[in-house]
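Residue numbers (this note's numbering): 58 to 729.
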């Protein structure tokens with residue numbers, strides 16, 4: 058089990074000179090830190106993040122943050138002098154101690170006009186030190202690549218929020234975009250050493266490519282195919298990477314648009330206009346769904362009638378041929394022709410079907426029937442069956458014009474509807490953009506016009522991103538199709554190689570190694586995802602009081618979580634905030650277990666969104682988990698309610714208060 062043993066802050070925001078250790082005895086590895094809102098809970102969490110990643114991920118988006126340096130220290134330090142900020146995180150692994158120490162220098166400056174002090178960033182340093190538990194073999198690392206590798210082994214940055222959890226940030230927790238799910242997968246595989254297999258596969262591919270090119274010297278066709286394959290794969294990687302980067306930009310743009318919309322809604326003179334725009338944008342969303350359904354309907358119509366209309370002459374001729382045979386009596390009833398012949402040839406007196414006497418009239422009728430019929434009963438039955446299908450096809454063909462006209466009208470209606478919505482939205486945007494465009498307008502009105510311009514620019518940027526992503530996706534589809542063709546051709550060429558050539562034999566062996574490594578990697582990948590799914594369900598089921606509602610949890614290849622009820626219907630979008638919190642914990646703990654590194658979990662507002670019996674269930678389950686995992690919890694007094702206090706005061710390893718000084722500028726202690 059990996060544990061945080063102590064955290065030392067020096068001049069970091071309100072943590073001017075604070076040491077927090079995590080020692081003590083007890084079977085539970087659960088630590089509670091309590092603090093009033095604004096006292097330093099989130100700063101504590103950000104301090105760890107800054108130490109490990111040089112990023113404060115839980116700072117408010119868009120806010121202008123104060124410098125890292127303790128504010129009171131800035132005021133006390135003379136202009137021109139420097140102050141050092143540092144955070145040191147110490148952890149214990151099974152056989153070693155590791156310390157992460159990040160420091161940054163800040164030089165004090167002063168505005169000569171306002172006498173307001175500020176800081177300029179100076180030198181920075183990040184040192185990771187590893188020491189055996191017996192105190193021997195201490196090694197320190199400062200190289201960026203080496204320190205990053207060590208941090209990644211314990212707290213992979215792409216999935217930081219699964220180690221340092223913010224209970225108030227659930228809305229972003231389940232935003233598993235393509236890029237985020239890839240980060241989860243990549244980080245888990247890196248920690249679990251699955252990436253070694255990926256590296257081995259690539260290495261084998263590179264070597265086999267090199268040997269293949271060498272063996273094919275003088276055979277330009279094969280060489281050119283391999284060159285093209287390499288180029289196509291590089292293009293796919295490039296377009297995929299670009300789409301991930303574009304995807305990452307999207308949430309920030311949409312968040313800013315929402316912020317602007319909220320400001321416009323709250324400004325009374327234009328609130329009605331903004332409400333109208335909201336209504337039209339909802340209509341636009343519905344229109345997009347309707348139009349997408351129309352496109353599917355139209356494509357289905359085109360596919361169906363492209364075949365039917367091309368085959369219409371043959372269908373019609375075949376149908377008329379069968380009808381003519383019917384009218385002329387050349388299709389026999391559903392009887393056995395050979396049996397009729399046997400009746401005549403053997404002078405059978407009793408009918409084998411109805412057991413009635415066969416008189417001269419019956420013999421004459423059978424004779425005439427056999428003369429008229431020119432197809433066998435089997436063929437006749439087949440033609441009757443085909444006739445039904447052909448009638449159905451012909452009925453469909455007769456409906457073609459009616460259905461086509463309906464689709465045309467529907468398309469015209471949808472396009473008119475879009476034009477109307479678009480005109481209304483443009484009209485509102487134009488009105489708002491001119492709302493304060495004169496110099497004598499109040500600053501407040503001018504700001505509305507500026508916000509509207511920014512909103513329009515953001516919408517345009519978002520649209521450009523979507524278009525670019527779609528173009529890239531289409532390119533990737535075309536490229537992948539060509540890659541499949543090239544790989545098939547190359548495999549064919551390889552199969553024709555002379556096996557006596559050693560290089561070619563090596564290529565064959567390397568290809569087999571690649572295939573086997575890929576199989577093993579896929580098996581491990583599936584096993585890890587299945588393990589995460591199973592653990593997520595087990596923890597979730599133990600945290601929730603409901604026993605007859607939830608049936609299972611599924612996690613797909615992109616690490617998207619789906620929750621199902623007992624009837625097998627998905628209910629992910631219908632679960633409560635409490636249930637989302639339980640699901641987030643369950644997924645987090647499952648990722649820890651699957652990674653193979655039993656890392657600590659530091660949680661801000663661990664039960665902030667939980668109430669009723671679920672609160673007690675969740676508190677007890679986290680206490681149970683802490684028997685084998687260190688959990689550090691940051692509570693406000695309200696969150697540390699009586700029901701939680703009753704559980705943790707007697708069972709947690711320690712329960713401590715974060716106390717703020719009377720001038721509210723620094724933490725004076727973290728203690729009982």
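Virtual Cβ for every residue (Gly too), placed ideally from N, Cα, C.
Only a predicted model underlies this, so the values are computations on that prediction, with no experimental measurement involved.
For residue 615, the three-state secondary structure derived from DSSP is coil. For the pair residue 626 and residue 613, the Cα-to-Cα distance works out to about 16 Å.
A contact is defined here as three or more CB-CB pairs under 8 Å, and the region 615-626 fails this definition with respect to the region 61-74. Taken through DSSP and simplified to helix, strand or coil, residue 547 comes out as helix. Contact annotation, residue 109 with residue 157: C-beta distance approximately 6 Å; criterion of less than 8 Å satisfied.
Annotation for residue 174: no alpha helix (DSSP H) segment contains it, though the beta strand (DSSP E) segment containing it runs 174-189. Contact check between the region 295-309 and the region 444-459: fewer than three CB pairs, one atom from each, fall below 8 Å, which does not count as touching. Counted as a single uninterrupted DSSP element, the stretch harbouring residue 70 is not any alpha helix (DSSP H), since DSSP gives it neither H nor E. DSSP places residue 139 inside the beta strand (DSSP E), whose first and last residues are 139-149. Counting only runs of 4 or more residues that sit fully inside the region 68-128, the alpha helix (DSSP H) segments are 98-110, in chain order. Under the three-state reduction of DSSP output, residue 319 falls in the helix class. For secondary structure counted as the beta strand (DSSP E) over 3 or more consecutive residues, the region 561-625 holds these complete runs in sequence order: 607-612 and 618-622. In the structure shown, the three-state DSSP call for residue 314 is helix. Look at residue 684 here: in three-state DSSP terms it is coil, with no helix or strand label.
Counting other Cβ atoms within 10 Å of its Cβ, residue 696 reaches 16 or more and is therefore classed as buried. The secondary-structure analysis by DSSP pairs residue 661 across a beta bridge with 223 and 691. Residue 650 counts as buried, since no fewer than 16 other beta carbons sit within 10 angstroms of its beta carbon. No residue range can be given for residue 407, since it is assigned to no beta strand (DSSP E) and is classified by DSSP as neither H nor E. Selection 148, 137, 93 and 132 evaluated against residue 78 yields 148 as nearest (Cα-Cα). With fewer than 16 neighbouring CB atoms inside 10 Å of its own CB, residue 630 falls in the exposed class.
Counting the other CB atoms within 10 Å of its CB gives residue 483 a total below 16, which places it among the exposed residues.
In the three-state scheme derived from DSSP, where H, G and I count as helix and E and B as strand, residue 712 is classed as strand. Rounded to the nearest whole angstrom, the C-alpha separation of residue 668 and residue 602 is 11 Å.
Looking at 616, 133 and 576, the one whose alpha-carbon comes closest to that of residue 590 is 616.
In the three-state DSSP reduction, residue 627 falls in the strand class (E or B). DSSP, read as helix, strand or coil, puts residue 697 in coil. For residue 158, the enclosing beta strand (DSSP E) covers residues 153-167.
According to the DSSP secondary-structure assignment, residue 728 is paired through a beta bridge with 714.
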